[in-house]
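Numbering (this note's numbering), first residue to last: 99 to 530. We treat Cβ as the ideally placed atom computed from N, Cα and C, and that holds for glycine.
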């Protein structure tokens, strides 16, 4: 099940980030300005933001076995629409609706992990999903750069759309809603999965459907924990989105790198993000088992990772060649990746049975950063091009958002549950 939803994340990123490598090609062919391309890259996040909580509600109402495949087919069809448009407004509409369809991916995936994965393995499981997303982005950057040398960008979009449709059929065939529903799960595996879950979980491993109640909504709105974890999501996402929006074009425009080379060079920070994410996931779980402290295992890793990312980013501004720049940014990306697993684990610690809703709200916050950054970079890069300004301004912005994210983690207490949620964490794990 974990492999299946990880594959969904990877395949989703094919269609999501194809436009990053094709950025300058589309801009030239359709005569878009740099600022317009910034909005095209950003508008995906409007739909993505608006449908996070509805996506989580669909998971609770219809189950992940039906919802995830339906969404995958829908976003694949909308990606094909993006590949067919030829003017600015239809391009904006196609990207916004495509974002809305992909908004349910994270809440549904979180529900699968919450239902199928033992509590003590949440860090590595969340890291697996984060790594899968970056793997999809890496494959997209390299594969798209090569395909565009031989095929039109529209053709590439159509090909990528088929992947999501194929995944949907495969997932529906092999998945089940709960471990107790799956014929491949033996009693020992089921006991391991269910160990330590809250008392509201029945003997059959099922729960009543979760709804966003007024009490939980008030708890989220008045919780410093919730504001802080959403704040770090804004800044962390704003930093990551550089690689999946403007970084190839930044290398082309600022350093004279060719389109193909810029796409291939952009693979380095994304590969480093994968390594950092997986490493962070195992460290988070290891620290929890050793220290019995969620604050050390979740917050300690995130503060250190995002802070080091900011420092290595500043070092990148001192480099003199594209290769040196990309190397320094890749090290920074590795450090940033360490914080990914902390977010998933901390949200599940706080949210319990409300995980699909709460992680949807958290992902809405991350979408704010993902929306603002591409648009802001479009204006910043356009201004640098016109004025001959310092291209390091892009790097300073990248460093700044990671420092801000690190500070947010200082205020987070993953051991403090949100009011009105049932926690799936056993007392013996040490809620300190």
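Euclidean distance between Cα positions of residue 559 and residue 439: Absent from the model: residue 559. The displayed extent of the chain is 99 to 530, so no value can be given.
Limits of the alpha helix (DSSP H) - the one that residue 209 falls within: 203 to 214
Any 3 or more C-beta pairs closer than 8 angstroms across the stretch 135 to 153 and the stretch 375 to 389: No, the stretch 135 to 153 does not touch the stretch 375 to 389.
Residue 383 burial status per 10 Å Cβ neighbour count (16 or more: buried): buried
Any non-hydrogen atom of the ligand MN closer than 7 angstroms to residue 506 Cβ: Ligands in the displayed structure: none, and consequently the ligand MN is not present.
Which of helix, strand or coil DSSP assigns to residue 200: helix
Contact the stretch 313 to 331 vs the stretch 429 to 444: 3+ CB pairs below 8 angstroms: Pairwise C-beta distances place the stretch 313 to 331 in contact with the stretch 429 to 444, as three or more of them are shorter than 8 angstroms.
Runs of alpha helix (DSSP H) lying entirely within the stretch 231 to 298, each at least 4 residues, in chain order: 251 to 272 and 285 to 292
Collapsed DSSP secondary structure at residue 99 in the structure displayed: coil
Length of the line joining the Cα atoms of residue 472 and residue 495: 12 angstroms
Complete runs of the alpha helix (DSSP H) confined to the stretch 333 to 370 [at least 4 residues]: 345 to 353 and 357 to 363
Cα-Cα separation, residue 221 to residue 174: 30 angstroms
Sequence-distant residues of the same chain with beta carbon closer than 6 angstroms to residue 171, five excluded per side: 263 and 266
Three CB pairs or more closer than 8 angstroms across the stretch 388 to 404 and the stretch 473 to 491: no
Per-residue DSSP class, three states only, for residue 512: Coil, per DSSP.
Straight-line Cα distance separating residue 445 from residue 506: 14 angstroms
Backbone CA spacing between residue 516 and residue 143 [nearest angstrom]: 27 angstroms
Close Cβ partners of residue 203 (< 8 angstroms) along its chain, the five nearest in sequence each way excluded: 106, 107, 110, 153, 166 and 169
Minimum C-alpha distance to residue 393 - residue among 511, 243, 242 and 255: 511
Nearest neighbour of residue 458, chosen from 141, 119 and 207 [CA to CA]: 207
DSSP state of residue 301 mapped onto helix, strand, coil: For residue 301, the pLDDT reaches just 37, beneath the cut-off of 50, and the residue's location in the model is therefore unreliable, although a value from the coordinates is still provided. DSSP places residue 301 in coil when its eight states are reduced to three.
Same chain, Cβ closer than 8 angstroms to residue 256, five either side skipped, listed in chain order: 178 and 181
Cβ-Cβ distance between residue 428 and residue 370 below 8 angstroms: yes
Test item: CB-CB of residue 237 and residue 102 under 8 angstroms: In terms of Cβ geometry, residue 237 and residue 102 do not form a close pair [threshold 8 angstroms].
Distance between residue 423 and residue 417 (C-alpha atoms, nearest Å): As the crow flies, the alpha-carbon of residue 417 is around 6 angstroms from that of residue 423.
Reference residue 234, options 116, 155 and 320, closest by Cα: That would be 116, whose Cα lies nearest to the Cα of residue 234.
Exposure label - residue 282; buried when at least 16 CB within 10 Å: exposed
Cβ neighbour criterion (16 or more within 10 Å) applied to residue 447: Flag for residue 447 reads buried.
Contact set for residue 190: own chain, Cβ-Cβ below 6 angstroms, skip 5 residues either direction: 141
Among 119, 335, 351 and 425, nearest to residue 239 - alpha-carbon criterion: Among 119, 335, 351 and 425, the Cα nearest to that of residue 239 belongs to 119.
For residue 221, the three-state DSSP class (helix, strand or coil): helix
Residue environment, residue 477, which counts as buried when at least 16 other CB atoms sit within 10 Å: Exposed.
Integer-rounded CB distance, given that residue 348 should sit under 8 angstroms from residue 479: 7 angstroms
Residue 468 and residue 355 closer than 8 angstroms at C-beta: no
Within 8 angstroms, strictly: CB atoms of residue 533 and residue 277: Nothing about residue 533 can be reported from this structure: the residues present for the chain run from 99 to 530 only.
Identity of the residue in 225, 343 and 358 nearest residue 247 by Cα: 358
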